[in-house]
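Reading through the structure tokens given below for one structure.
Protein chains: 2
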Amino acid sequence: MAINRRDFAKTAMLGAIIHDAAAWSDRPTMAPVSFDRHCWRIGGQAAFLVSGEFHYFRVPKADWKRRMSLLKEAGGNAIATYVPWGLHEPTEGQFVFSGQGGILDLEEFLETAREAGLYVIARPGPYVYSELNYDGLPAWLTQNYPQVLAHDADGKPFHATSVSYVHPLFLEKARRWYEHAGPILARHTVSKGGAIALTQVDNELSGIHVWYDSLDYNAEAMGYGRAEGRYPRYLRQRYGDIAGLNSAWNTKFVSFEAIQPVRPGASDVGGLRRAKDNLDFYLGTVAEYAATLAGWLRQMGVSTPIVHNAGGPSMKANYLEMCRALGANFVLGSDHYYNGDQTWPQNAPTPQFALNAFVSLEQLRLFGYPPTVFEIPGGSPSDWPPIVASDALACYRANLAFGMKGSNYYVFTGGPNPPRMGQTTDIYDFCAGIGAQGEIRPLYAAEKEFGKALESNPWLAEAEREFDCRVAVDPEQARANLYWKSRGEFEFSSAESDEFLHKGVLTSALCASVSPVLCDIRSDEWTADRRTPVVVVASSAMRREAQQRVVSFLHSGGKVLLLPVLPATDENLRPCTILADYLGAAIEHHKNEVPRTTILGVENILSNGRQWRTVRMPQGAEAVGSDEFTQATLAWRLATPAGGQVLFLGMSWIHAMRQHGRMVRAALGRLGLEEKVSCSNPNVWTSLRTSGPKSLLFAINLFNAPLEAEIQCRPSWSDHAIALGKRTIPAMTVSEIEVG
Amino acid sequence: MAINRRDFAKTAMLGAIIHDAAAWSDRPTMAPVSFDRHCWRIGGQAAFLVSGEFHYFRVPKADWKRRMSLLKEAGGNAIATYVPWGLHEPTEGQFVFSGQGGILDLEEFLETAREAGLYVIARPGPYVYSELNYDGLPAWLTQNYPQVLAHDADGKPFHATSVSYVHPLFLEKARRWYEHAGPILARHTVSKGGAIALTQVDNELSGIHVWYDSLDYNAEAMGYGRAEGRYPRYLRQRYGDIAGLNSAWNTKFVSFEAIQPVRPGASDVGGLRRAKDNLDFYLGTVAEYAATLAGWLRQMGVSTPIVHNAGGPSMKANYLEMCRALGANFVLGSDHYYNGDQTWPQNAPTPQFALNAFVSLEQLRLFGYPPTVFEIPGGSPSDWPPIVASDALACYRANLAFGMKGSNYYVFTGGPNPPRMGQTTDIYDFCAGIGAQGEIRPLYAAEKEFGKALESNPWLAEAEREFDCRVAVDPEQARANLYWKSRGEFEFSSAESDEFLHKGVLTSALCASVSPVLCDIRSDEWTADRRTPVVVVASSAMRREAQQRVVSFLHSGGKVLLLPVLPATDENLRPCTILADYLGAAIEHHKNEVPRTTILGVENILSNGRQWRTVRMPQGAEAVGSDEFTQATLAWRLATPAGGQVLFLGMSWIHAMRQHGRMVRAALGRLGLEEKVSCSNPNVWTSLRTSGPKSLLFAINLFNAPLEAEIQCRPSWSDHAIALGKRTIPAMTVSEIEVG
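Quick mapping for you: the protein sequence lines, in order, are chains A and B. Counting in the working numbering, the first sequence runs from 484 upward without gaps. Counting in the working numbering, the second sequence runs from 484 upward without gaps.
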């Protein structure tokens, strides 16, 4: 898209007012920041990205330098800041980047950061949230142009500050914002001698809709009823003709233009397909929006990698289309909060939090990004329940243990909100380590301690998690809950499967001192490695290629733990039983009021009420598990060619009892598991990270009492297990134990 | 109800088989156990009831004595045991109370307890749950008589083991069970020289329905369509004639018999009234059932107080009818668990848990019972997340701080389940302090420490919480969530009000070191005391007498903090504005995207989006709070005759920020609050308990870090504040600080 002449003129003028870029040519330049699939690189050297959120529009200018020094003392090498549209365009068309006592002085801030030797992650919105009024948008936008608001399926706005990302008028206004902010940022990128190393488009995309329980159905943006509208175009591309769509949806539409949106909720096949298509379409518009913003940045001369932050561990499934659209010079990261207000499910970094962080970081790794937590709690939006320094440190270390390669404390420090722009308060410091007045709080010591740990093990930046088994996941599954609301006629929905992956399989594995990593069932990457077993957590729907891939893997000697069902359809819910056919097996739901199972000699294993008995056993299969009351066969083992093996367990569970861990261990043991770590205490989770001949074992205790564990491990550079002795892990602590 | 001759004969025969009661006449008798509204009494002396759940059908008989001694060493004076119907009547009509390797030897167990000097709380069901198959009912019951199953509003069973409490066939079978178990229990009551001090009817009543998201709509039990059926009778009694009902419900029924049940969910006035009537009716059947069971026990000669355990803090609102029906020799208690499986909202005794416990214990006190926790975690149903000894101790002490006068560790010890009766496992010990094999775990030390604390301060049994303000509650409000599912045309539903009471007002008060107690707005008891202010958390519906009572209180010099709305109807949702009329005020909902308020000089107070502006100020009222952006008046103060005062705050909130506490303190300060305790740290909650000239201050830290606080208090026996100095409360600890 070309910038029109008039806008260019405006931009040039504005640039001239603020600074003459040429005058800066003698600035000392900062080493370039790059990344690969393993880690961030500064001047080519592997390095952690240790950032702190630091808002020029809040922190008093007189204290910028001192607080930046404090961040560096805590091991920081970057700061992140939102650049709020609403602040800089308070009246439509009037852009201000100076005045108001310094709170608008973006450029001086960027220059101060450069002088301090801190990289900057610039986050110019349009949305920034940040507890600002209108979530950082200008007040005039939704007030004067209510037509840009996102709509629910009934065509009504559902939240006062939720806009439709691809509404033409919103894009027009947003582009003008980027035309003014972009060139300023461009002048300060590292390549131009400035401090900006990364630039983020928007914030926690899709959140402004899904948090309010809707997708966006704004008719003008989505183009319902218009032949060239986005939605009819999408459907036409997907189905070719309306007959194809009607056949898939079980509907009788006369044309693509005749289709109006519906809320998800159906549980019949046609309704589910329709809801899934709607979701895929919506997420496509999110990707289009993100790519548009990134394109504008490029046009404005911003050459840094583009980044984005998922609003939470489970949200990144919403960005598959976006990651494709943004291509190579893009990094998706995630926000990992554990403490909001008292209504949050947990207010401390519990194991449940750590498990979600583990999956999140693994997903980012699989996407090919250095796993980065763009918002890690550097405070809390609520004073109460309080953020506790030792909790925060445990959170940082647990993330490090599970593969975090970069992080950004949200916030590192705070200050007064711009006048009448604070959504929650006049003084905003998020209970940060450095308070609004610049005062130092206990949380800062935790940040400092974490920084020290990173500095003393710089090789960790390149380290990888040692693993003894892999869990194959379909990243798309994590968004099934947005369309697959109830199980319907299926045995096990993808939403249920995703929950079982987290609360069942992975939790049991970690409690059993198994060391899983994730692998992407959509790719071929994992199939060549047949040394470690692969766990496949199926649902009733598994994409065709994935079923085929599992079959090939088994057929060429791979070892698979398959559970809890045999897929019956492909990802579009069309019959597809490649995997079941290959195995020659059939299952059906096993209703039992006393869901207790014995598997591989482990007795009293509780399902969460979902069990499947095998009604056709594969030829040559050996039964290895049955219902304790009815003796129905629930688990079996089958040899496949070339030394392969599959072990099928027909049950799902919520990890709650020691037996769950024992079962997972026994099943993987049958498939040749050679454990990387052995830890005697199921309440202590471990992660062994290795780079070359160096290893560090993280022992994770997220409970309120010290725990003892006898630990040994077998890093890949060692030909024998290394005893680490009996260790005491203090309460709510992640211990780092040197190996060798 | 009379026992028929044939049944009597059976009972007598059975008694003869087992024991001859006369032979026991030389047994040393145990002191009688009684209670009053303050505490339990043993031989007339105030005493804590310190019980441990101890199942004769699980714990190996050979180890009974030793484990009972362990309980006594831990300060225990009682044990509780279920007496599972399913165990003792495995085949219909065949009652067994001996054999099977001792697991049926109820009487020997009762005798052993007596010899050990431990009282027994007998819990003969019919339901016991206890992770037994069929929740402790006989397998044959629901298998052979499926008609006794509870039905949902569509007339279908909704859970395999949920029966209809008042189904005639179920009652017939249950009565036969009581006819066999009752006489055995009767022989062993304290009055007969035995150990049974208390007898519980059923278990966590109503849970077996509401946990599965339904009331019971079994047509035969409820009598839909039959003139003399329970439901038509109830409605006739409530409304007199069908016209009255139709007018209330906004329906057009031709007769009471024509009315079929509906699921709650309506939000129109008529639908809400219908749903509320349905709930009240259902809870009446629960009460009828409990009273029937209690009556049977009396008929069988069981003379002990009857007890029952609410399934959790919020459930006791379901027992208002039951408490009335069971009358004087009855004690309602509650179960207080904080750790289930990983899907529980919290796995540690967080402040949210403690707040619920506080309200629960206060409610029991208001009902006139010695607040008793009939199941306090003596373990956990799940191995993981683990139950941690220090967490458990903090839980016990927090309950003590908030007024617990008796408790029962569930479970104190465990053992093998009866063959094929374990629902979850063969070996059941609930991770208890004393394991299934008799092994001693760290949790036992916590129990012992708690026992020591009780022994060293026996006067605490009679102590009361010192308070400086009262919060008037309508206990019925806590069940509004069962019928008032969405707000509808009302400003603020009773369900919302109940949530606001917990997460807003009370949490803010405790964080602000205000010392509230609850008072019952339905009674006159609180109105005479005008020394301390009363907080009234209203909803759109407030019962007529309550409105009148608040008016009288104000009119005679009482001081009231009223929030967040002025009631518009009575409890039956009929227009009733007694309170608003007295005040001469009118409010309306104040929609504001930036819900920030200044009240009494406290700035930046966040509502949770619900604010009401005053559109008619009372004559002579002084505005004391307004919206920070629009300046709309949200709060005002009015003097009433005889030195009374009312302060109205038109907003609700979730306690999250220090400002919430400051506001509550400022508002109560205006109403003459004289603080009992002053604590400098808002994260430390306190409870000052006094008996005569003795006081103990509990300082509660339920976070993962030590907290410091400067504390002083003013017990009622002192004419000045007593400085307790700067105290450090260790992480996850409730400290007991001696006063004076």
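Ideal Cβ placement from N, Cα and C applies to all residues, glycine included. The structure displayed is predicted, hence computed values, not measured ones.
query                                                                                                                                                                                                : result
Measure the alpha-carbon distance for alanine 1204 of chain A versus leucine 844 of chain A and round it to whole angstroms.                                                                         : 27 angstroms
According to DSSP, is valine 745 of chain A part of a helix, a strand, or is it coil?                                                                                                                : coil
Go to threonine 1081 of chain B, then tell me how far its beta strand (DSSP E) extends in each direction, as first and last residue.                                                                 : 1079-1082
Note the first and the last residue of the continuous beta strand (DSSP E) segment covering glutamate 979 of chain A.                                                                                : First-last for glutamate 979 of chain A: 977-982, but that is the alpha helix (DSSP H), not the beta strand (DSSP E).
With DSSP as the reference, label lysine 888 of chain B as helix, strand or coil.                                                                                                                    : coil
Should the region 996-1008 of chain A be regarded as contacting the region 916-935 of chain A, the criterion being three or more beta carbon pairs within less than 8 angstroms?                     : no
Unbroken beta strand (DSSP E) runs of length 3 or more, entirely within the region 926-965 of chain A: which are they?                                                                               : 952-956
Are valine 516 of chain B and tyrosine 565 of chain B close, meaning C-beta to C-beta below 8 angstroms?                                                                                             : no
Say the cut is 7 angstroms; is the CB of leucine 1083 of chain A nearer than that to a heavy atom of the ligand FAD?                                                                                 : Annotation note on the ligand FAD: not contained in the displayed structure, which lists no ligands.
Quick one: does cysteine 994 of chain B have its CB under 8 angstroms from some CB of chain C?                                                                                                       : Any reference to chain C falls outside this structure, whose protein chains are A and B.
So what does valine 1048 of chain A bridge to, in DSSP terms?                                                                                                                                        : According to DSSP, valine 1048 of chain A bridges with nothing at all.
Any beta-carbon of chain A closer than 8 angstroms to the one on methionine 1215 of chain B?                                                                                                         : yes
Listed from N- to C-terminal order along the chain, which residues in the region 825-836 of chain B have their beta-carbon within a distance smaller than 8 angstroms of any beta-carbon of chain A? : Gln825, Thr826, Pro828, Gln829, Asn830, Ala831, Thr833, Pro834 and Gln835
Run through chain A and tell me which residues come within less than 7 angstroms of aspartate 1064 of chain B, C-beta to C-beta.                                                                     : Under the 7 angstroms cutoff, chain A gives no residues; its nearest Cβ is about 35 angstroms from aspartate 1064 of chain B.
Indicate whether asparagine 900 of chain A and phenylalanine 857 of chain A have their beta-carbon atoms separated by less than 8 angstroms.                                                         : no
To the nearest angstrom, how far is it from the Cα of glycine 1208 of chain B to the Cα of asparagine 940 of chain B?                                                                                : 22 angstroms
Beta strand (DSSP E) containing proline 666 of chain B: first to last residue?                                                                                                                       : Element bounds for proline 666 of chain B: not the beta strand (DSSP E) but the alpha helix (DSSP H), 651-670.
Counting C-beta neighbours from all protein chains within 10 Å, is the total for arginine 1014 of chain A 16 or more, i.e. buried, or is it exposed?                                                 : exposed
Could you tell me whether the region 755-763 of chain B touches the region 1082-1094 of chain B, using the rule of 3 or more Cβ pairs below 8 angstroms?                                             : no
Can you give me the Cβ contacts of valine 1033 of chain A inside the same chain, cut-off strictly under 7 angstroms, excluding the 5 residues immediately before and after it?                       : Val1019, Val1043 and Leu1062
Does the Cβ of alanine 499 of chain B have 16 or more other Cβ atoms within 10 Å, making it buried, or fewer, making it exposed?                                                                     : Because the pLDDT at alanine 499 of chain B is just 37, under 50, the model does not fix this residue reliably, and the value given afterwards should be weighed accordingly. Exposed, since its Cβ has fewer than 16 Cβ neighbours within 10 Å.
Keeping to the same chain, check which residues put their C-beta closer than 8 angstroms to that of aspartate 909 of chain B; ignore five residues upstream and five downstream.                     : Pro899 and Asn900
Does the distance from the C-beta atom of isoleucine 1194 of chain B to that of leucine 1185 of chain B stay below 8 angstroms?                                                                      : no
Could you tell me the distance, in whole angstroms, from the CA atom of glycine 690 of chain B to the CA atom of arginine 807 of chain B?                                                            : 19 angstroms
In its own chain, which residues sit with a C-beta less than 6 angstroms from the C-beta of alanine 599 of chain B, not counting the 5 before and 5 after it?                                        : Met551
DSSP beta-bridge partners for proline 640 of chain B?                                                                                                                                                : B:His634
Roughly how many angstroms lie between the CA atoms of leucine 849 of chain A and asparagine 1075 of chain B, to the nearest whole one?                                                              : 43 angstroms
Looking at the structure shown, is valine 566 of chain B part of a helix, part of a strand, or coil, going by DSSP?                                                                                  : coil
For serine 1174 of chain B, does the count of other Cβ atoms within 10 angstroms reach 16, so buried, or fall short, so exposed?                                                                     : buried
Would you decide whether arginine 903 of chain A is buried or exposed? Buried here means 16 or more other CB atoms lie within 10 Å of its CB.                                                        : exposed
What does alanine 872 of chain B touch in chain A if you count any residue whose Cβ is under 9 angstroms from its own?                                                                               : Ala1188
For glycine 816 of chain B, which residues does DSSP report across the bridge?                                                                                                                       : B:Asn792
Should lysine 735 of chain A be labelled buried (16 or more other beta-carbon atoms within 10 Å of its own) or exposed?                                                                              : exposed
Excluding sequence positions up to five away, which residues of its chain have a Cβ less than 6 angstroms from the Cβ of glutamate 1071 of chain B?                                                  : Val1098
Starting from glutamate 1071 of chain A and walking both ways along the beta strand (DSSP E), at which residues does that stretch end?                                                               : 1069-1072
Give a yes or no on whether the minimum CB-CB distance between serine 1224 of chain B and chain A is below 8 angstroms.                                                                              : Summary: the structure shown does not reach residue 1224 of chain B, with chain B confined to residues 484 through 1223, and so no result is reported for it.
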